[in-house]
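In the working numbering, the protein residues as written are 1 to 99.
Quick reminder that beta carbons are idealized off the backbone N, C-alpha and C, glycines included.
Before any comments, here is the structure.
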(Lines of atoms letter the chains of each structure in order from A; the text may use other names.)
(Lines give C-alpha, C1' and ligand atoms only; values in the text may rest on other atoms or scores of the structure.)
Protein backbone atom coordinates (compact mmCIF):
# COMPACT_ATOMS: atom_id res chain seq x y z
CA UNK A 1 0.00 0.00 0.00
CA UNK A 2 2.80 2.44 0.89
CA UNK A 3 4.46 1.92 -2.51
CA UNK A 4 1.25 2.59 -4.45
CA UNK A 5 0.35 5.69 -2.42
CA UNK A 6 3.87 7.12 -2.67
CA UNK A 7 4.00 6.54 -6.42
CA UNK A 8 0.58 8.16 -6.92
CA UNK A 9 1.50 11.04 -4.59
CA UNK A 10 -1.68 10.73 -2.58
CA UNK A 11 -3.08 9.30 0.63
CA UNK A 12 -5.40 6.41 1.27
CA UNK A 13 -6.44 3.71 3.69
CA UNK A 14 -8.00 0.26 3.95
CA UNK A 15 -11.73 0.12 4.54
CA UNK A 16 -13.58 -2.39 6.76
CA UNK A 17 -13.38 -5.08 4.07
CA UNK A 18 -9.62 -4.57 3.57
CA UNK A 19 -10.11 -2.74 0.24
CA UNK A 20 -7.77 0.09 -0.66
CA UNK A 21 -9.45 3.51 -0.75
CA UNK A 22 -7.32 6.13 -2.53
CA UNK A 23 -7.98 9.89 -2.46
CA UNK A 24 -8.10 11.45 -5.91
CA UNK A 25 -8.87 10.37 -9.47
CA UNK A 26 -6.41 8.21 -11.36
CA UNK A 27 -6.49 6.43 -14.69
CA UNK A 28 -6.63 2.62 -14.48
CA UNK A 29 -3.48 2.46 -16.64
CA UNK A 30 -1.56 4.41 -13.96
CA UNK A 31 -2.64 1.92 -11.29
CA UNK A 32 -1.74 -1.01 -13.50
CA UNK A 33 1.72 0.34 -14.33
CA UNK A 34 2.56 1.04 -10.70
CA UNK A 35 1.22 -2.34 -9.58
CA UNK A 36 3.30 -4.11 -12.25
CA UNK A 37 6.45 -2.25 -11.11
CA UNK A 38 5.79 -3.26 -7.51
CA UNK A 39 5.26 -6.92 -8.47
CA UNK A 40 8.43 -7.01 -10.58
CA UNK A 41 10.56 -5.32 -7.90
CA UNK A 42 9.15 -6.75 -4.65
CA UNK A 43 7.37 -10.04 -5.49
CA UNK A 44 8.72 -11.91 -8.54
CA UNK A 45 11.97 -13.90 -8.21
CA UNK A 46 14.53 -12.82 -10.81
CA UNK A 47 15.92 -16.36 -11.00
CA UNK A 48 12.92 -18.61 -11.53
CA UNK A 49 10.13 -15.98 -11.97
CA UNK A 50 8.13 -17.48 -9.10
CA UNK A 51 5.82 -15.23 -7.03
CA UNK A 52 6.40 -17.48 -4.00
CA UNK A 53 8.75 -15.04 -2.23
CA UNK A 54 9.24 -13.44 1.18
CA UNK A 55 10.19 -9.80 1.66
CA UNK A 56 12.21 -9.26 4.84
CA UNK A 57 14.21 -6.51 6.53
CA UNK A 58 17.66 -7.31 7.87
CA UNK A 59 19.94 -4.65 9.35
CA UNK A 60 18.13 -1.73 7.64
CA UNK A 61 18.15 -3.47 4.25
CA UNK A 62 15.31 -5.23 2.46
CA UNK A 63 15.77 -8.66 0.87
CA UNK A 64 13.53 -10.77 -1.33
CA UNK A 65 13.95 -14.52 -0.80
CA UNK A 66 12.42 -17.09 -3.14
CA UNK A 67 10.72 -20.04 -1.46
CA UNK A 68 10.89 -22.09 -4.67
CA UNK A 69 14.55 -21.82 -5.77
CA UNK A 70 16.14 -20.31 -2.64
CA UNK A 71 17.68 -17.28 -4.35
CA UNK A 72 17.97 -14.03 -2.41
CA UNK A 73 18.42 -10.44 -3.57
CA UNK A 74 18.60 -6.94 -2.15
CA UNK A 75 15.65 -4.67 -3.00
CA UNK A 76 15.27 -0.91 -2.65
CA UNK A 77 13.35 0.35 0.39
CA UNK A 78 9.82 1.53 -0.32
CA UNK A 79 9.61 5.31 -0.26
CA UNK A 80 6.66 6.55 1.74
CA UNK A 81 7.08 10.29 1.53
CA UNK A 82 4.88 12.42 -0.69
CA UNK A 83 6.36 13.28 -4.09
CA UNK A 84 4.71 16.28 -5.72
CA UNK A 85 4.59 16.55 -9.50
CA UNK A 86 3.59 19.89 -11.02
CA UNK A 87 2.41 19.99 -14.62
CA UNK A 88 1.39 23.23 -16.32
CA UNK A 89 -1.67 23.08 -18.53
CA UNK A 90 -1.37 24.25 -22.13
CA UNK A 91 -1.94 27.96 -22.52
CA UNK A 92 -1.03 28.89 -18.95
CA UNK A 93 1.27 31.89 -18.64
CA UNK A 94 4.74 31.17 -17.19
CA UNK A 95 5.34 31.99 -13.52
CA UNK A 96 6.79 35.44 -12.83
CA UNK A 97 10.39 35.63 -11.72
CA UNK A 98 10.32 37.28 -8.30
CA UNK A 99 14.09 37.58 -7.80
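Kindly indicate the opening and closing residues of the alpha helix (DSSP H) around residue i.
{"i": "residue 41", "result": "28–42"}
{"i": "residue 63", "result": "Taken as a continuous stretch (DSSP letters only), residue 63 belongs to no alpha helix (DSSP H), being part of the beta strand (DSSP E) at 61–66."}
{"i": "residue 3", "result": "2–8"}
So residue i and residue j are in contact, right, with Cβ under 8 Å, and what is the actual spacing, rounded?
{"i": "residue 42", "j": "residue 55", "result": "6 Å"}
{"i": "residue 12", "j": "residue 5", "result": "5 Å"}
{"i": "residue 8", "j": "residue 34", "result": "7 Å"}
Using DSSP's beta-bridge definition, name the partner residues of residue i.
{"i": "residue 54", "result": "65"}
{"i": "residue 72", "result": "65"}
Beta strand (DSSP E) containing residue i: first to last residue?
{"i": "residue 12", "result": "12–14"}
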